[in-house]
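The next block holds one structure in the form of structure tokens; read it before the comments.
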Amino acid sequence: MENNPSPPRVDRKFIERNRRNQMKTLFHKLNSLVPHQKRSKAVSLPDQLEEATNYIKKLQMNMEKMEKKKNMLLGIERPSVRMNGGGEKVGFKSPRIEIQQMGSALVVVLITGLDSQFMFSETIRVLHEEGVDIVNASYNVIEDAVFHSIHCQDQKSANGAARISERLKNFIYESSYCAF
6 MENNPSPPRV DRKFIERNRR NQMKTLFHKL NSLVPHQKRS KAVSLPDQLE EATNYIKKLQ
66 MNMEKMEKKK NMLLGIERPS VRMNGGGEKV GFKSPRIEIQ QMGSALVVVL ITGLDSQFMF
126 SETIRVLHEE GVDIVNASYN VIEDAVFHSI HCQDQKSANG AARISERLKN FIYESSYCAF
């Protein structure tokens with residue numbers, strides 16, 4: 006008969022102590038990742054866990070908001086419709102474009118709603134394709150409208166403004182027609 010020694014029995018107290026130490030280490034790691042306000046007294050473990058949970062939820066909500074904003078700015082997602090007191094949609098404006106020529110200088114004024122920010126970058130792209138030098142570009146947000154002002158120089162041709170104007174107007178009106 007072979008004598009097989011049984012494996013040494015691990016003490017339950019030892020296992021439980023290791024488990025508690027491991028949990029304590031993990032709680033400490035979690036707690037170190039959460040920003041804390043200055044406190045004068047120690048915070049209980051359940052309160053620390055609740056604080057960490059609330060912090061994670063807050064981060065998730067912020068991330069979702071930023072993702073929506075990014076998608077809206079990229080033109081992937083349209084903002085939700087909000088109605089003002091008069092029953093009008095807020096944030097949705099049909100884009101308008103005006104182009105003025107003064108010698109070789111062009112001034113492009115693009116007016117969009119908060120939902121059409123991609124039109125500015127597309128307008129810049131069209132101007133670059135037409136070989137126009139952009140001198141200055143700026144914008145102002147007033148209520149639910151964004152006013153873009155682009156100052157350019159067209160050294161190539163005198164009738165370039167008409168061609169650029171036609172191309173930009175076609176782009177803007179096609180984009181606004183497709184968006185709704």
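Residue 6 is where the sequence shown starts when you use the working numbering, and the numbers rise one by one after that. All residues carry an ideal CB built from backbone N, CA and C; glycine is no exception. Since this is a predicted model, take the numbers as computed values, not measurements.
Taking DSSP as the reference, what is the three-state secondary structure of residue 79? Sequence index remark: in the sequence shown, residue 79 carries index 74 (1-based). Coil at residue 79, not helix or strand.
CA nearest to the CA of residue 31, picked from 112, 19, 135 and 53: Sequence index remark: in the sequence shown, residue 31 carries index 26 (1-based). The option with the nearest alpha carbon to residue 31 is 53.
Tell me which same chain residues have a C-beta within less than 7 angstroms of the C-beta of residue 170, skipping the five on either side of it? Taking the sequence shown and counting its residues from 1, one reaches residue 170 at position 165. Correct list, in chain order: 104.
Measure the CB-CB distance between residue 130 and residue 116 and report whether it falls below 7 angstroms. Locating residue 130 in the sequence shown gives position 125, counting from the first residue. Locating residue 116 in the sequence shown gives position 111, counting from the first residue. No, the pair does not count as a contact, with Cβ atoms beyond the cut-off.
Distance between residue 132 and residue 109 (C-alpha atoms, nearest Å): Residue numbering aside, residue 109 sits at position 104 when the sequence shown is read from its first letter. Residue numbering aside, residue 132 sits at position 127 when the sequence shown is read from its first letter. Roughly 14 angstroms between the two C-alpha positions.
Find out if the Cβ-Cβ distance for the pair residue 143, residue 126 is shorter than 7 angstroms. As a first step, residue 143 is located in the sequence shown; it is residue number 138 there, counting from the start. As a first step, residue 126 is located in the sequence shown; it is residue number 121 there, counting from the start. No, the pair does not count as a contact, with Cβ atoms beyond the cut-off.
Cα separation between residue 112 and residue 139? The residue labelled residue 112 in the question sits at position 107 within the sequence shown. The residue labelled residue 139 in the question sits at position 134 within the sequence shown. In a straight line, the C-alpha of residue 112 is about 10 angstroms away from that of residue 139.
Go ahead and label residue 121 buried or exposed: buried means 16 or more other beta carbons lie within 10 angstroms of its beta carbon, across all protein chains shown. The sequence position of residue 121 within the sequence shown is 116, counting from 1. Buried: at least 16 other Cβ atoms inside 10 Å.
Could you tell me the alpha carbon to alpha carbon distance between residue 239 and residue 22, rounded to whole angstroms? Outside the modelled stretch of the chain, which goes from 6 to 185, sits residue 239, for which no answer is possible.
Determine whether the beta carbon atoms of residue 156 and residue 141 lie at a separation below 7 angstroms. For the purposes of this step, residue 156 is taken as residue 151 along the sequence shown, with counting starting at 1. For the purposes of this step, residue 141 is taken as residue 136 along the sequence shown, with counting starting at 1. Closer than 7 angstroms, so yes.
Buried or exposed: which applies to residue 66, given that a residue is buried once 16 or more other Cβ atoms fall within 10 Å of its Cβ? The count along the sequence shown starts at 1 and reaches residue 66 at position 61. Its Cβ having fewer than 16 others within 10 Å, residue 66 is exposed.
Just the C-alpha distance for residue 93 and residue 71, rounded to the nearest angstrom, thanks. Taking the first residue of the sequence shown as position 1, residue 93 is located at position 88. Taking the first residue of the sequence shown as position 1, residue 71 is located at position 66. In this prediction, residue 93 scores a pLDDT of 49, lower than 50, which makes its location untrustworthy; the coordinate-derived value is nonetheless stated afterwards. Going from the Cα of residue 93 to the Cα of residue 71 covers about 26 angstroms.
Within the same chain, show all residues whose beta-carbon is closer than 6 angstroms to that of residue 152, passing over the 5 residues directly before and after it, in chain order. Sequence index remark: in the sequence shown, residue 152 carries index 147 (1-based). Excluding sequence neighbours, residue 152 sits near 116 and 145.
So residue 106 packs on residue 137, CB below 8 angstroms; how close in whole Å? Taking the sequence shown and counting its residues from 1, one reaches residue 106 at position 101. Taking the sequence shown and counting its residues from 1, one reaches residue 137 at position 132. Actually they do not touch by this definition, with Cβ atoms about 11 angstroms apart.
If you run the structure through DSSP and keep just helix, strand and coil, what is residue 121? As a working mapping, residue 121 is identified with position 116 in the sequence shown. Coil.
Helix, strand or coil at residue 93 [DSSP, three-state]: Numbered from its first residue, the sequence shown carries residue 93 at position 88. Here residue 93 scores only 49 on pLDDT, less than 50, and its place in the model is too uncertain to base an answer on.
Close-in-space but distant-in-sequence residues of the same chain around residue 124 (CB under 7 angstroms, 5 per side omitted): Residue numbering aside, residue 124 sits at position 119 when the sequence shown is read from its first letter. Closer than 7 angstroms at the Cβ level, and outside the excluded window around residue 124, lie 100, 115, 117, 177 and 180.
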